[in-house]
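Taking the working numbering, the leading residue of the sequence shown gets 44, the next gets one more, and so forth. For every residue, glycine included, the Cβ atom is placed at its ideal position computed from N, Cα and C. Since the structure is predicted, the reported quantities are computational estimates derived from the model, not experimental observations. To start, the structure itself, in structure tokens.
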Amino acid sequence: MLEQIGHSLREVGKTAEGLGVEVRLEVHGKETCRLPRIRKIMDYADHPSVVVNWNSNKEDLMDGGFDAGFDLVKDRIRHVHINELYNEEYLLGSSSGFRKSAITAIAALKSPAARSLPGC
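Written out as structure tokens, the structure is:
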């Protein structure tokens, strides 16, 4: 399954490259929400236009924890969707070297981090 997904993404990536766009694989799904599986998909895709959109799922903390998962895909991450802004295990500190775009989805403004955001 992962090989089929990766090879399909490679084909789409070839077209995307010619158009100057990226194909962003978001970390989701019953079988594909684990970062070691996303790494395998990206290895099969093996195309510079196919990148990772990290969704900050609770499964990111499995398989060795946040750092281990981040290390698996950090070279392919182009966008981060931060769901757990107040969870310290999800912090992308300056030591990570991450310099791409990120968006947040704050479910409840009851968290300490959310309350400290400007305008909240």
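The stretch 51 to 64 / the stretch 73 to 81 touching (three or more Cβ pairs under 8 Å) = no
Is the Cβ-Cβ distance between Lys83 and Gly112 less than 9 Å?
-> no
In its own chain, which residues sit with a C-beta less than 7 Å from the C-beta of Arg119, not counting the 5 before and 5 after it?
-> Met85, Val94 and Val95
What is the DSSP secondary structure of Leu52, counted as helix, strand or coil?
-> helix
Would the beta-carbon of Leu45 fall within 9 Å of that of His90?
-> no
Under the rule that 16 or more other beta-carbon atoms within 10 Å means buried, what is Asp103, buried or exposed?
-> buried
So what does DSSP say about Glu69, is it helix, strand or coil?
-> strand
With distances taken from CA atoms, which of Gly107, Val123, Leu68 and Phe109 is nearest Ala88?
-> Leu68
Check whether the Cβ atoms of Ser99 and His71 lie closer than 9 Å to each other.
-> no
For Arg82, name the three-state secondary structure that DSSP assigns.
-> helix
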